[in-house]
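Undergrad: Here it is: the structure, laid out below.
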Amino acid sequence: DSGVTQTPKHLITATGQRVTLRCSPRSGDLSVYWYQQSLDQGLQFLIQYYNGEERAKGNILERFSAQQFPDLHSELNLSSLELGDSALYFCASSVDQDPSYNEQFFGPGTRLTVL
Amino acid sequence: AQSVTQLGSHVSVSEGALVLLRCNYSSSVPPYLFWYVQYPNQGLQLLLKYTTGATLVKGINGFEAEFKKSETSFHLTKPSAHMSDAAEYFCAVSGAGSYQLTFGKGTKLSVIP
Chain W
1 DSGVTQTPKH LITATGQRVT LRCSPRSGDL SVYWYQQSLD QGLQFLIQYY
51 NGEERAKGNI LERFSAQQFP DLHSELNLSS LELGDSALYF CASSVDQDPS
101 YNEQFFGPGT RLTVL
Chain U
1001 AQSVTQLGSH VSVSEGALVL LRCNYSSSVP PYLFWYVQYP NQGLQLLLKY
1051 TTGATLVKGI NGFEAEFKKS ETSFHLTKPS AHMSDAAEYF CAVSGAGSYQ
1101 LTFGKGTKLS VIP
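Chains as they are written, first to last, in our numbering: chain W, 1 to 115; chain U, 1001 to 1113.
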């Protein structure tokens, strides 16, 4: 158990819908990262927050957004869903903002299926 | 820009045999290199990492990797495979001041009894 929790574990929805994925980082970790894992694209970095502020953006679509709240939990919002958004979404957390020096601890993921 | 290439999407070894998973990277800055393991239906777990210093890095579960700058490689090895090593392995790279990890496509390791 990494100490990072993600809810829900599974999500099945229809095209055009909007969903919210939730992540609680390990106690004491200030940085949260979101990754998408799909068969064709592999593991891709989406976005990072550090202590409530956006720090880095990767291959995140405009239909996707995220935020980190004062209690440090984070939510990833996916809207106007398409079939291609079906994937495993991971949240990771670390103590500091630079992953070069700090291990990223990964949650178990949320499997999103868009029908 | 950084990138990672993992040679072989699927590797099979016999139990007790050497495990060798290949990773080559591209980075415009001195790289920091990582190997992660993903067991079925679980998140990723860090096996080992190279940031600076000794180029031979030892990790958990008997794995080690060697950073070879001249070959831009960071191959993962284990002298003797165990059934419990069956999983998917990801090589990743980041650089100084980079907030994100760039992952390879992954290599699925099967261990044959």
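Note that the Cβ used here is the ideal one computed from N, Cα and C, for glycine as well.
Just so we're clear, the structure is a prediction, and the values are computed from it rather than from any experiment.
Among E1064(U), G1059(U), K1108(U) and S1028(U), whose alpha-carbon lies nearest the alpha-carbon of T1072(U)?
TA: S1028(U)
Undergrad: Using 8 Å for Cβ pairs, my map puts E82(W) next to V32(W). What's the rounded Cβ distance?
TA: Between V32(W) and E82(W) the Cβ distance is about 25 Å, and since that is not below 8 Å, they are no contact.
Undergrad: Is the CB-CB distance between Q1045(U) and R1022(U) below 8 Å?
TA: no
Undergrad: Could you give the distance in angstroms between the alpha-carbon of S94(W) and the alpha-carbon of F106(W)?
TA: Taking the straight line joining both Cα atoms gives about 9 Å.
Undergrad: Compute the Euclidean distance between the alpha carbons of T15(W) and F64(W), then round it to the nearest angstrom.
TA: 14 Å
Undergrad: Can you tell which of Y89(W), L88(W), A87(W) and S2(W) has the C-alpha that lies nearest to the C-alpha of N27(W)?
TA: A quick correction: the sequence has Ser, not Asn, at residue 27(W). That would be S2(W), whose Cα lies nearest to the Cα of S27(W).
Undergrad: Would you mind telling me which residues of chain W sit closer than 8 Å to G1106(U), beta carbon to beta carbon, in chain order?
TA: G42 and L43
Undergrad: Counting only the same chain and skipping the five closest in sequence on each side, list residues whose C-beta sits under 6 Å from that of Q1100(U).
TA: Take Q1100(U), set aside five residues on each side of it, and no residue of its chain has a beta-carbon closer than 6 Å to its own.
Undergrad: Within this structure, are the beta carbons of G52(W) and Q68(W) separated by less than 8 Å?
TA: yes
Undergrad: Establish whether the CB of L1101(U) and some CB of chain W are separated by less than 8 Å.
TA: yes
Undergrad: When you compare the CB positions of L1018(U) and W1035(U), do they come within less than 8 Å of one another, or not?
TA: no
Undergrad: Taking the alpha carbon of L1033(U) as the point to measure from, which residue in A1092(U), K1108(U), G1106(U) and V1111(U) has its own alpha carbon closest?
TA: A1092(U)
Undergrad: Quick check: what's the CA-CA separation for Y1050(U) versus G58(W)?
TA: 23 Å
Undergrad: Counting only Cβ pairs nearer than 7 Å, list the residues of chain W close to Q1042(U).
TA: Against chain W, the beta carbon of Q1042(U) has neighbours under 7 Å at P108, listed in chain order.
Undergrad: Alpha carbon to alpha carbon, what distance is there between F90(W) and F45(W)?
TA: Whole-angstrom Cα-Cα distance: 9 Å.
Undergrad: Taking just the CA atoms, how far does I1112(U) sit from E1015(U)?
TA: 6 Å
Undergrad: Would you please verify whether the beta carbon of F1074(U) is less than 8 Å from any beta carbon of chain W?
TA: no
Undergrad: What's the call for I47(W), buried or exposed, on a 16-neighbour Cβ count within 10 Å?
TA: buried
Undergrad: Going by the beta-carbon positions, is the gap between G84(W) and G1043(U) smaller than 8 Å?
TA: no
Undergrad: First and last residue of the beta strand (DSSP E) that includes Q37(W)?
TA: S31 to S38
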